[in-house]
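Everything on this sheet refers to the single structure shown next.
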């Protein structure tokens, strides 16, 4: 692929601008979006607690401030040791422990805030840039493709969203790229450098990356399966020079991962139970979700799925055409790797959902390996077309315009997203009204919030409350004993019907809905003190 110096300079400079913007977007308003269900469980487990631990400890009807609830159960304290935290990790074997350990140490070192814990993911996401650059060098021997690939993932709204998420996905993205590059490097060293020391070092790095990947996300298995298919697909299994070190690297990684593997097997019923929701089919057409997830890599204005969205068909065309150009213009050892990276993950997620039902393939973050492969193919397509000396100036300008359009789409998507506290990846069902409801409560001088909602609903809400807001939590079917303190307002947050009726009947109170869909209610107690019941009349 011949490139003129001016074209190369333009591509690299434009990619550098995108890189700078992408880095900036990863740190803009880090603490603004709702710290949602999944993220509070990151903090909960890293602090040494399980979801169910809060029931006997907090759901007692006793008054607790929002600040104390968050400080005790969302950040590491002396009450819970590293051993306690690791015990909680084992109860969720579907989540490999490496990120949670990093998060615990990070929170112990730095101040306690949502922005601080998310900063860990944002910083890790920066490692993805040199990793994808290295991978493109190994694949295409082209610095320019590497620059373009960095630019594409830098302003991808999908990658920016998960760079600001207190979860393991930016770490997993880095490991996928780093491990893939290390694998190709090991193959290249085996072929070109006969020095045993160099080969051992290269395959050792790959073994380390496999281990790190498995300890970061169990779906890393799909990435390493893709590597194996690539090795066998190129018929390198016939050459012992390749197969022996590759098997040795895998075996070493399995040995190093075996402690967690034992935990997975011993706690397999927990894993099955914790992931049961993934085996429930969605009501909507699964193909619509696939299309929506594909568009979100480039174009994300929080849109829903629609067959009438022209962006969907443009991106599908771009994806198909980039694969065609990749296969047509690169050697098998290049395009087959990219196809394996995309195909194994895509097939493993989509096929079970199609055959048996489920929704794993609709969960965007699980498809990260496939999306990375697709973005690498886009990087090659854009570099190839803009640099192709056989194309006339008008055609080159057209492809430059396409690159600029992709960039503008990503920039505008991320800009709009940064200004909203809730986005699609925060789950509208769980998070949609949290900011608005918290704002209402925070405007009250001395509010009390009563709730029997489960901890996964209470903790995200607590993060949005002022520190002097007080909570009174009870298990469902129990009606709390209202405190003697003089609160300016008493609210019910996402209460059950039992709690609403109990408050109305026992306290002769008037309960009015303050926010839509039953998220917030206001309790008006009767003025007469004679209507206050005795403690024995209450459930708590």
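Residue numbers (the working numbering): 70 to 609. Note that CB positions come from ideal geometry on N, CA and C, so glycine has one too. Just so you know, these numbers come straight off a predicted model, no measurement behind them.
How about residue i and residue j: are their beta carbons less than 8 Å apart?
i: residue 427; j: residue 349; result: yes
i: residue 274; j: residue 295; result: no
i: residue 500; j: residue 139; result: no
i: residue 520; j: residue 550; result: no
i: residue 144; j: residue 113; result: no
i: residue 468; j: residue 455; result: yes
i: residue 415; j: residue 439; result: yes
i: residue 336; j: residue 157; result: no
i: residue 208; j: residue 406; result: yes
i: residue 76; j: residue 116; result: no
i: residue 182; j: residue 240; result: no
i: residue 276; j: residue 321; result: yes
Measuring straight from C-alpha to C-alpha, what distance separates residue i and residue j?
i: residue 545; j: residue 476; result: 50 Å
i: residue 507; j: residue 592; result: 16 Å
i: residue 119; j: residue 170; result: 15 Å
i: residue 290; j: residue 432; result: 18 Å
i: residue 222; j: residue 184; result: 22 Å
i: residue 411; j: residue 417; result: 10 Å
i: residue 344; j: residue 163; result: 8 Å
i: residue 231; j: residue 482; result: 14 Å
i: residue 371; j: residue 492; result: 7 Å
i: residue 316; j: residue 470; result: 46 Å
i: residue 355; j: residue 523; result: 29 Å
i: residue 385; j: residue 539; result: 51 Å
i: residue 397; j: residue 446; result: 12 Å
i: residue 123; j: residue 130; result: 12 Å
Pick helix, strand or coil for residue i, following the three-state DSSP scheme.
i: residue 82; result: helix
i: residue 351; result: coil
i: residue 298; result: helix
i: residue 596; result: coil
i: residue 454; result: helix
i: residue 579; result: strand
i: residue 447; result: helix
i: residue 90; result: helix
i: residue 365; result: coil
i: residue 590; result: strand
i: residue 602; result: For residue 602, the predicted model reports a pLDDT of 48, less than 50, meaning its position is unreliable; a value from the coordinates is still stated below. Residue state, collapsed to three classes: coil.
What residue does the beta strand (DSSP E) around residue i start on, and which one ends it?
i: residue 558; result: 558-562
i: residue 132; result: 129-134
i: residue 516; result: 516-520
i: residue 541; result: 539-543
Which residues mark the beginning and the end of the alpha helix (DSSP H) in which residue i is found?
i: residue 570; result: 566-576
i: residue 329; result: 309-335
i: residue 478; result: 462-487
i: residue 202; result: 197-209
i: residue 120; result: Here residue 120 belongs to no alpha helix (DSSP H), and DSSP marks it neither H nor E.
i: residue 508; result: 503-511
Tell me whether residue i is buried or exposed, calling it buried when 16 or more other Cβ atoms sit within 10 Å of its Cβ.
i: residue 78; result: exposed
i: residue 264; result: exposed
i: residue 91; result: buried
i: residue 173; result: buried
i: residue 554; result: exposed
i: residue 529; result: buried
i: residue 572; result: buried
Kindly indicate if chain C contains any beta-carbon less than 8 Å away from that of residue i.
i: residue 114; result: No chain C is part of this structure, which consists of one protein chain only.
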